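The opening position of the sequence shown corresponds to residue 4 in our numbering, with each subsequent residue numbered one higher.
Note that beta-carbon positions come from the ideal geometry of N, C-alpha and C, so glycine has one too.
Owing to the predicted nature of the structure, the values given are computational and were not obtained by experimental measurement.
Just below is one structure, and these are the notes that go with it.
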Amino acid sequence: MRALYLSHPGKRADELAFLAQAQVDLDPDRLLIFAQSGGTGGWPISTDQVGNAYCPLPPDAFTEIIVGSSVRLFASPWSKAFLRHLYKAVVPGGTLAVSFVSDAEAARKGYWSLAGLRALFGQDGECSRNGQLVIITREGKLPKVDSVLDWNLRNHGILLTTAVDLLANRSTIDEELVRDICRPMALREHRLTIEPIMLQDLPQQSQLGELLDREAYFNGGVGYKSALLRHIAKRYFEADQPLRVIDHGGGSGFTAVEMLLQRDLQVTKAVCCDVSLLLAMVTSKMFADMRECLADRFFFELTPIQDFDYDEDYDLISFLGSLLYVPREDTEQTLGRAWDSLRPGGVLVIHENIKSRSYTRDYDLMFTVEELEGFLRPLAHIDYYLSTATIQITKEMSGTKSVFRVLQKAD
Ligand SMILES: C[S@@+](CC[C@H](N)C(=O)[O-])C[C@H]1O[C@@H](n2cnc3c(N)ncnc32)[C@H](O)[C@@H]1O
């Protein structure tokens with residue numbers, strides 16, 4: 004069995020052309036295809052389907068797996084966990100081919116270089132004819148990597164099973180149940196109130212099938228969001244500085260936890276604030292499984308961002324695809340309170356998709372650039388970073404792209 008990983012099903016032809024150039028010998032009709040977005044469902048898949056790139060694979064099952072050139076992986080713990088997973092899925096003696104970029108491009112954009120991949124796999128491998136793929140032979144095991152992706156792969160389908168649990172208990176959802184879910188990871192013991200917005204996210208039976216796609220969105224997003232937050236943290240803080248971070252509207256806390264797990268950052272406390280009871284339940288399962296490393300360091304607040312009660316000053320506060328959900332009449336004070344709770348030198352990070360006709364979902368809630376910056380500009384100067392590479396850009400270059408906007412509070 005052979006598998007090809009690509010960014011999106013639409014990249015299939017480009018990837019096959021790239022592989023032909025690399026003179027990798029393939030029979031396209033017998034390839035199983037997995038995509039980072041736009042793929043559905045998990046293992047097993049057939050040749051007429053496109054599987055999701057983050058579904059677990061059985062160990063020792065493939066003679067060859069190829070990670071194509073459209074799959075841009077930041078050199079981070081998350082992608083180490085991803086590549087380790089693929090390596091484990093290859094039979095001993097089989098091969099894993101991974102594309103890489105030049106040393107200069109790797110340094111500029113944060114992707115894998117040949118040297119980085121060689122160090123990761125502990126072998127030189129063989130380079131393809133076009134010099135853009137390294138072919139690694141499966142020999143033994145790779146060390147475990149601390150990453151949320153590892154937990155996710157072991158708990159594939161967690162959103163679906165958690166939703167089914169919640170639906171089964173729907174008649175008994177009360178404050179006591181919610182408190183029991185949240186207590187172990189609460190920032191402080193407090194009385195929780197179930198607000199309608201917390202229940203809004205409970206799916207109906209008919210929507211359950213969509214949950215795997217949503218899980219894939221969360222899983223895939225952690226890969227680039229945690230890598231770019233790490234890059235931003237390294238830009239604005241000293242290497243040994245202990246950091247307290249909050250991720251507002253952070254879903255199940257995957258990005259916040261991934262920040263905690265990054266060994267080259269000193270994140271001492273990471274908080275996720277989200278309003279979804281379903282996601283809080285997923286978080287509580289992750290928290291229970293990873294308790295040893297998360298206890299007293301990771302906290303989840305089931306509360307609307309606009310009501311978040313800051314317990315102390317923080318170094319980095321992020322809103323990733325979440326500020327748009329704060330009611331507009333509360334946006335200014337929500338940002339103002341976050342800003343006030345940053346310590347001097349701390350940073351506010353905002354990542355929003357900008358309103359465009361190409362988005363059907365949440366179109367009415369999305370910000371235009373002018374509107375978003377109207378809220379941010381009074382706070383401080385805005386720096387811009389791409390969300391596809393570790394590169395700072397100018398405001399003009401950012402246009403209507405989904406970029407990271409970073410504002411630093413004066414020392
Ligand atoms: C589009 S998702 C983004 C999740 C995550 N930040 C990411 O980038 O993958 C938006 C998240 O915001 C949460 N959310 C929506 N309204 C909220 C509010 N008023 N307060 C807190 N969280 C909210 C949702 O439950 C959801 O998890």
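Give a yes or no on whether the C-beta atoms belonging to residue i and residue j are separated by under 9 Å.
i	j	result
S321	G253	yes
A100	V70	yes
K91	K144	yes
S131	A25	yes
R408	L375	yes
V350	Y239	yes
D277	L305	yes
L163	L231	no
G41	I48	no
Y317	R346	yes
L326	E355	yes
A166	L205	yes
When the Cα of residue i is compared with those of the options, which residue comes out closest?
i	options	result
D227	R75, R238, L195, M293	This sequence places Tyr at residue 227; Asp is not what is there. When each option's Cα is compared against that of Y227, the closest is R75.
A78	L351, T50, Y114	Y114
L136	R360, P146, T98	T98
A118	G128, C296, P31	G128
H384	D365, V352, T391, R364	V352
T175	W154, I161, L190, L202	L202
K112	D414, K412, L389	L389
P146	D204, A110, P80	P80
A110	P31, V167, H11, H234	H234
P61	D51, D17, F370, R87	R87
P31	G45, T43, T50	T50
Y366	T337, G324, D312, R380	G324
G44	P59, R33, L34	P59
Q309	Q336, L319, E261	Q336
W342	K412, L282, Y57, T391	K412
A189	L319, Q52, A298	A298
L379	L19, L338, W46	L338
Alpha carbon to alpha carbon, how far is residue j from residue i? Give it in angstroms, no decimals.
i	j	result
R331	L382	17 Å
R5	L120	21 Å
V248	C275	9 Å
T393	A171	44 Å
L152	K237	22 Å
E179	C185	10 Å
D106	N133	16 Å
D2	Q207	As displayed, the chain neither begins before 4 nor continues past 414, which places residue 2 out of reach and without an answer.
E1	E315	For the chain, the structure presents residues 4 to 414; residue 1 sits outside this window and is missing.
D216	L89	20 Å
V93	L280	38 Å
D149	F85	11 Å
V225	H159	15 Å
H11	Y220	13 Å
M64	G348	As written in the sequence, residue 64 is Ala, which differs from the Met given in the question. Roughly 50 Å separates the two Cα atoms.
So, at 7 Å on beta carbons, what are the nonlocal neighbours of residue i in its own chain, with the 5 sequence-adjacent residues on each side left out?
i	result
V372	I357, T403
Q269	D243, Q244, P245, L246
R15	L9, I36
R182	L195
Y362	N356, M369
Using a Cβ-Cβ cutoff of less than 6 Å, which residues in the same chain neighbour residue i once the five nearest sequence positions on both sides are dropped?
i	result
E192	none
T286	S255, G256, F303
P95	R141
I139	L99, F124, G128
Within the same chain, show all residues whose beta-carbon is closer than 8 Å to that of residue i, passing over the 5 residues directly before and after it, in chain order.
i	result
T271	P245, L246, R247, R300
Y387	Q395, I396, T397, K398, M400, S401, V406, F407, R408, V409
P307	E198, I200, V278, V329
Could you name each continuous alpha helix (DSSP H) segment of 4 residues or more that falls completely within the segment 249 to 296, going from the start of the chain to the end? 257 to 264, 280 to 292
Fully enclosed by the segment 135 to 166, which beta strand (DSSP E) runs are 3 residues long or longer? Here the runs fully enclosed are 136 to 140.
Which ranges would you report for the alpha helix (DSSP H) in the segment 191 to 250 if only whole runs of at least 4 residues count? 199 to 203, 213 to 239
Beta strand (DSSP E) segments (min. 3 residues) lying fully within the segment 89 to 114: Runs found: 93 to 102.
My parser needs the beta strand (DSSP E) runs of 3 or more residues fully inside the segment 362 to 398; what are they? 386 to 388
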